[in-house]
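Below is one structure, written out as structure tokens; comments come after it.
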Amino acid sequence: MIDPRRLRGLYVITDLDLCGQHLLDKVAAAIAGGARLVQYRNKQASAAQQQKEAHALRELCRQNQVLFLVYDDANLARKVEADGVHLGQRDTGPGEARALLGEDAIIGISCNNRYEHALAAQQAGADYIAFGRFFPSRTKPQAPRAEPALLEQARRELPVPVCAIGGIRPEHIPGLRAAGADMVAVIHGIFGAANVRAAARRYVAQFDG
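Counting from 19, one number per residue, gives the positions in the sequence shown under the working numbering.
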């Protein structure tokens, strides 16, 4: 099982429109800025392209001792020897993913704004849970809003790290951390920035402070 102390800090999620042909360069910049986890998300690409990109990112992350996860595809995660997979509520169950990837794999679960989903995910063997959106989000503008009370309840009652996602800016991090977030997952705030490395540093500074 993963040491939960590694599931902390800035968690960046790739985006086809924002990263495009500069995927590796942008992820490298985010890592240089202090990102500790990277999630590869590209459902539009062919299977061959997904495997090529995911393998390259896995190598980059491994060289920098950063955790690398694949979104919604345990088979791809296994093929490229990713550190784990992140699953939504409608995706492969954590038990099936665990059987495919092994006991050492990281399995994260999106729980939206529902504590009961988080409880079920933890009981099914998830290594971390994710709540969100907490703020207006370009990625999922219609997603129901999550409240900080969810983070507080999860911190009190669940023995796994908690990730906050959804429109998070650096200035939001102190409040989210105080409520119980161990990680914040960011897409546009990092990969939509003119200077990805500097943007990552602004987020990471809120964890270091």
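Heads up, the beta-carbon is just placed ideally off N, CA and C, and yes, glycines get one too.
query	result
Separation of G126 from D145, as counted between CA atoms	6 Å
DSSP state of C79 mapped onto helix, strand, coil	helix
Residue-level contact to chain C via CB, T157, 9 Å cutoff	Going by chain labels, chain C is absent from the structure shown, which holds only one protein chain.
Where L55 falls, given that 16 or more other Cβ within 10 Å makes a residue buried	buried
Range of the contiguous alpha helix (DSSP H) that encloses F149	From DSSP, F149 is part of no alpha helix (DSSP H) but of the beta strand (DSSP E) over 146-149.
Buried versus exposed call for K44 [16 or more other C-beta atoms within 10 Å across all chains shown]	buried
Span of the alpha helix (DSSP H) around I191	191-197
Distance between beta carbons of R219 and G52, contact taken as under 8 Å	6 Å
Terminal residues of the beta strand (DSSP E) in which A182 lies	180-183
Every unbroken beta strand (DSSP E) inside the region 56-136 [3 residues or more]	85-89, 102-105, 124-128
N213 burial status per 10 Å Cβ neighbour count (16 or more: buried)	exposed
contact_flag[the region 92-102, the region 69-82] where n(CB pairs < 8 Å) is 3 or more	yes
Nonlocal neighbours in the same chain, by C-beta distance under 6 Å from L36, ignoring five residues either side	F209, G210
N-terminal and C-terminal residue of the beta strand (DSSP E) that A48 is part of	Premise fails: A48 lies in the alpha helix (DSSP H), 41-50, not in any beta strand (DSSP E).
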